[in-house]
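J.:
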Amino acid sequence: MNNELEKQLDALVGKITNKEDFDQVKEQLLKRGIESLLKAEMTAHLGYQKGESVATDNQRNGFSQKTIKTQNGEQRIQVPRDRQASFEPVIVPKHRSISGELEDCIQLLYAKGMSNSDIIDFLEKTYGVNYSTSQVSIITDQLLEDIKLWQNRPLEDIYPIIWIDAIHYKIRHEGKVVSKACMIVLGVDTEGQQDILSMSIVETEKASAWMSILDDLRTRGVKDIFFLCSDNLPGLDKAVEAIFPESIRQICIVHQIRNSLLDPLSAA
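Under numbering that gives the first Met the number 0, the residues of the sequence shown are numbered 0 to 267, in order.
(1) In chain order, what residues of the same chain have a beta carbon less than 7 angstroms from the beta carbon of residue 239, not counting five sequence neighbours either side?
(2) With DSSP run on the structure shown, which of helix, strand or coil describes residue 16?
(3) Here's the rule I'm using: 16 or more other beta-carbon atoms within 10 Å means buried, otherwise exposed. How should residue 158 be labelled?
(4) By the three-class DSSP mapping on this structure, what secondary structure does residue 251 have?
(5) Look at the alpha carbon of residue 315 and the alpha carbon of residue 120, and state the distance between them as a whole number of angstroms.
(6) Can you grab the Cα-Cα spacing for the pair residue 224 / residue 186, in whole Å?
(7) In the DSSP assignment, find the alpha helix (DSSP H) that holds residue 236 and state where it starts and stops.
(8) Buried or exposed: where does residue 252 fall if 16 or more other Cβ atoms within 10 Å of its Cβ makes it buried?
(9) Please list, in chain order, all residues of the same chain as residue 204 whose beta carbon is under 8 angstroms from its beta carbon, the five residues on each side excluded.
(10) Going by the CB atoms, is the gap between residue 242 and residue 210 shorter than 8 angstroms?
(11) In this structure, how does DSSP classify residue 83 when only helix, strand and coil are distinguished?
(12) Hey, how far is the Cα of residue 18 from the Cα of residue 29?
(13) With DSSP collapsed to three states, give me the class of residue 206.
(14) Consult DSSP for residue 132 and reduce its assignment to one of helix, strand or coil.
(15) Following the continuous beta strand (DSSP E) through residue 49, name the residue where it begins and the one where it ends.
(16) Using only the alpha-carbon positions, how far apart do residue 319 and residue 42 sit?
(17) Is it the case that the Cβ atoms of residue 80 and residue 61 are separated by a distance below 8 angstroms?
(18) Over the uninterrupted beta strand (DSSP E) stretch that includes residue 246, give me the two end residues.
(19) For my contact list, residue 156 and residue 221 are in at a C-beta cut-off of 8 angstroms; report their separation, rounded to the angstrom.
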């Protein structure tokens, strides 16, 4: 940092006496900084500095106003324009007012089971931001595409150990509370690294559903599983044998302990 800049900062900071002054200065610096970067982007886009005489059909053409949202509310900035309307700002993209933070928030709320209308209401009440159903749908569709890519990603040839189990929970679906099962496959590769290989939502945990999931693992590249740990779900042994016949199936320790402590009278 050069001495001249330090002097300017000292003069600026010397005027701050409370938090309100600090917030105001911070907002002004943000506005000035963004507008300076936009001007620099326009210079790079046109290929010449402002005021230079060059032979080109495209020139600066004033400014347009744009509202951006900051931590302390809305901020109006000036965005430079060119005559051919070919300037595409990077720091403040055209036709896009949503920040990465809000986009992450929308995807998280959608992943937790909120409907698009619920998400819109939440954003309006919490952030004071209004989004249409179509805008929210575009964002959530991006999440679904990422999920699909993750679900279909290639896997390793061999996994020394795999655990399979289901988590049972209740969700609200079409105005009703219904039960679902999330069937999870956790694997350990030959390097000793753990990874979630598959997550599938089904109505009920069944051996036939596990057979379909194991077949999907085989389709994605898994050729052999040394040890497959699971609970004692009826029919699961046959499902495993049908897809990975050389695998050794091991009942997990937790279920073994439960079985050993089970009261014979209550089990009768």
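Think of the CB as a built atom: it goes at the ideal place given N, C-alpha and C, for glycine as much as any other residue.
T.: Let's see:
(1) Taking the sequence shown and counting its residues from 1, one reaches residue 239 at position 240. Cβ-Cβ distances below 7 angstroms link residue 239 to 213, 227, 246 and 248 in the same chain, with the five nearest sequence neighbours on each side left out; the list follows chain order.
(2) Residue 16 sits at position 17 when you count from the first residue of the sequence shown. Coil.
(3) In the sequence shown, counting from the first residue as 1, residue 158 sits at position 159. Residue 158 is classed as buried because its beta carbon has at least 16 other beta carbons within 10 Å across all chains shown.
(4) Numbered from its first residue, the sequence shown carries residue 251 at position 252. In the structure shown, residue 251 sits in coil (DSSP, three-state: anything other than H, G, I, E or B).
(5) Outside the shown range of the chain, which is 0 to 267, sits residue 315, and nothing can be said about it.
(6) Working through the sequence shown from its first residue, we reach residue 224 at position 225. Working through the sequence shown from its first residue, we reach residue 186 at position 187. Cα to Cα, the separation comes out at about 9 angstroms.
(7) Taking the first residue of the sequence shown as 1, we reach residue 236 at position 237. Its alpha helix (DSSP H) spans residues 235-242.
(8) Taking the sequence shown and counting its residues from 1, the one referred to as residue 252 is at position 253. Exposed, by the Cβ-count rule.
(9) One-based indexing of the sequence shown puts residue 204 at position 205. 165, 167, 180, 182 and 232.
(10) Looking up residue 210 in the sequence shown gives position 211. Looking up residue 242 in the sequence shown gives position 243. Contact flag set, yes.
(11) Residue 83 sits at position 84 when you count from the first residue of the sequence shown. Three-state DSSP puts residue 83 in coil, outside helix and strand.
(12) Your numbering for residue 18 matches position 19 in the sequence shown. Your numbering for residue 29 matches position 30 in the sequence shown. Taking C-alpha positions only, residue 18 is separated from residue 29 by approximately 16 angstroms.
(13) Within the sequence shown, residue 206 is the residue found at index 207, counting from 1. Helix at residue 206.
(14) Position 133 of the sequence shown, counting from 1, holds the residue named residue 132. Here residue 132 sits in helix by DSSP.
(15) Locating residue 49 in the sequence shown gives position 50, counting from the first residue. For residue 49, there is no enclosing beta strand (DSSP E), since its DSSP letter is neither H nor E.
(16) Nothing can be reported for residue 319, as the shown portion of the chain is limited to 0 through 267.
(17) Against the sequence shown, residue 80 aligns to sequence position 81. Against the sequence shown, residue 61 aligns to sequence position 62. Yes.
(18) In the sequence shown, residue 246 corresponds to position 247, counting from 1. Counting along the chain, residue 246 sits inside no beta strand (DSSP E), nor does DSSP assign it H or E at all.
(19) The residue you call residue 156 lines up with position 157 of the sequence shown. The residue you call residue 221 lines up with position 222 of the sequence shown. Residue 156 to residue 221, Cβ: 7 angstroms. Contact.
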